[in-house]
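Numbering (our numbering), first residue to last: 394 to 698.
Glycine included, each C-beta is placed from N, C-alpha and C at the ideal position.
Nothing here was measured: the structure is a model prediction, and the numbers come from that model.
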Amino acid sequence: MIYDLLIIGAGPAGLNAAIYATRAGLKTAIIERDAPGGKMTRTEKIENYLGVSEVNGAELGLKMFNQASSFGSEYIYGNVKSIQKEGEIFIVDCEDESYRAQKIIVATGTKERKLNIPGEDKFYGRGISYCAICDGALYKGKDMAIIGGGNSALQEALYLAPLARKIYLIHRRDDFRGEDFLAQKIRQTKNIELCLSYSPKEFVGTKTLEKVVIKSNKNQEEKNLTVSVVFPFIGFDPATSFLDKELLDSEGYLIVDENLESKVKGLYGAGDVIKKSLRQIITAASDGAIAATNVAKGLEKQKGN
Ligand code: NAP
């Protein structure tokens, strides 16, 4: 069987692409290796999605998934390993199966960036976590640290503050990268102690994490912070390992034109995975709509020829 469209990734970009594609009459499937919803499922509170003043991320993800499924899009559980083009048809190889489609939308988003410092792997799951909403409650009443100065670090620090006895917010510069609105809230929160211009050097413990060693970027002074858990939120890298390097920019993001089509005709990109300036749920959803509409137009044109 050949699908009209295979969408890789079930975050807001992939799910909205599925809605637009199925409504345009395309035989569509989404391939996803995880639960639907993407990164937003690990966000406690979303306040900047148009028309919804406040919503839990997992709830919004589930609503999007149900909406996409209601129009007839298939959901395939799979981990894509490679994509090849044979003539006009794409072959998508997963670990166990292969699928064929006329067009592809890559909407795989990004994955958490690692610090790559001693102890990070050793204490993963034993005092180091990349998901505050999943693991924060396990450390209720304890001292915690968050690393990073972007929106994720600031937002998660505010989510964890009511649960923690104390939070150290460790950021390598004096200025936050995240929005002023969040930075202001952080500065007003009594149990958040800022460790600005410090970088993490090492995680230390025996069976579980006991402390994080941080080093000043101004005078090399070192501090030991005794904490039960550390949440690094230092950004994300694009999930594009299955794509040809020639399609990517130097950071690994998929390069697309104004129609969201890549250098390979018929292979489109949408959401956080593409090279662009603003990565938000609403911009991902918008990309999904644009890419799917262009896919539908392209197929219509092919039929006409
Ligand atoms: P980000 O904006 O890239 O911020 C990453 C932070 O980690 C930066 O402060 C960076 O420091 C720091 N960092 C990077 N590498 C580091 C290292 N090796 N050691 C120590 N610190 C390091 O990532 P993000 O906060 O995850 O956000 C990703 C995207 O999602 C952004 O576009 C963001 O706006 C969006 N987002 C939006 C919301 C919202 O709208 N509410 C919420 C979450 C995320 P420097 O600043 O010095 O580079």
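| Asked | Found |
| --- | --- |
| From the DSSP secondary-structure annotation, give me the bridge partner or partners of Ala-494. | Tyr-396, Phe-483 |
| To the nearest angstrom, how far is it from the Cα of Gln-460 to the Cα of Tyr-468? | 13 Å |
| Taking the alpha carbon of Met-537 as the point to measure from, which residue in Gly-454, Tyr-442, Asn-509, Ser-621 has its own alpha carbon closest? | Ser-621 |
| Mind checking Asn-409: buried by the 16 CB within 10 Å criterion, or exposed? | buried |
| Does the ligand GTP have a heavy atom nearer than 6 Å to the CB of Gln-548? | Among the ligands modelled here, namely the ligand NAP, the ligand GTP does not occur. |
| Tell me whether Leu-660 is buried or exposed, calling it buried when 16 or more other Cβ atoms sit within 10 Å of its Cβ. | buried |
| Looking at C-beta atoms only, is the number of pairs between the segment 511-523 and the segment 482-501 that lie closer than 8 Å three or more? | no |
| Let me know if Val-473 comes out buried or exposed under the rule of 16 or more other beta-carbons within 10 Å of its beta-carbon. | buried |
| The beta strand (DSSP E) with Glu-615 in it runs from where to where? | 615-619 |
| Leaving out five residues before and five after Leu-547 in sequence, what residues of the same chain have Cβ atoms less than 7 Å from its Cβ? | Phe-569, Gly-571, Leu-575, Ala-576, Ile-579 |
| Assuming Gln-495 contacts Glu-481 (C-beta within less than 8 Å), just tell me the rounded distance between them. | 7 Å |
| Looking at the strands, I want to know which residues DSSP matches up with Val-445. | Tyr-442 |
| Return the Cβ separation of Ile-539 and Ile-563 in integer angstroms, given the expectation that the two are a contact with Cβ distance under 8 Å. | 7 Å |
| In this structure, how does DSSP classify Asp-427 when only helix, strand and coil are distinguished? | coil |
| Between which two residues does the alpha helix (DSSP H) harbouring Asp-573 extend? | 573-581 |
| Compute the beta-carbon to beta-carbon distance between Thr-434 and Ser-466, rounded to the nearest angstrom, for a pair I have assumed lies under 8 Å. | That belief does not hold up - the Cβ atoms of Thr-434 and Ser-466 are roughly 18 Å apart, past 8 Å. |
| Count the other CB atoms, across all protein chains shown, that sit within 10 Å of the CB of Ala-530; report buried if there are 16 or more and exposed otherwise. | exposed |
| What separation, rounded to the nearest whole angstrom, lies between the Cα atoms of Asp-489 and Tyr-470? | 10 Å |
| Is Arg-416 near the ligand NAP, with its Cβ less than 6 Å from a heavy atom? | no |
| For Gly-454, is the beta carbon positioned less than 6 Å from some heavy atom of the ligand NAP? | no |
| Would Ala-428 be called buried (16 or more neighbouring beta carbons within 10 Å of its own) or exposed? | exposed |
| Across which residues does DSSP place Phe-458 in a beta bridge pair? | BP columns for Phe-458 are empty, so no partner. |
| Who are the Cβ neighbours of Ser-545 in its own chain at under 6 Å, not counting the five residues just before and after it? | Phe-626 |
| Closest by CA to Lys-611, which one among Lys-600, Asp-397, Val-657, Ser-590? | Ser-590 |
| So, using beta-carbon positions, are Thr-617 and Lys-638 closer together than 7 Å? | Looking at the sequence provided, one finds Asn at residue 617 rather than Thr. Cβ atoms of Asn-617 and Lys-638: not closer than 7 Å. |
| Just to check my reading of the structure: Gly-430 and Leu-455 have Cβ atoms closer than 8 Å, yes? What is that Cβ distance to the nearest angstrom? | 7 Å |
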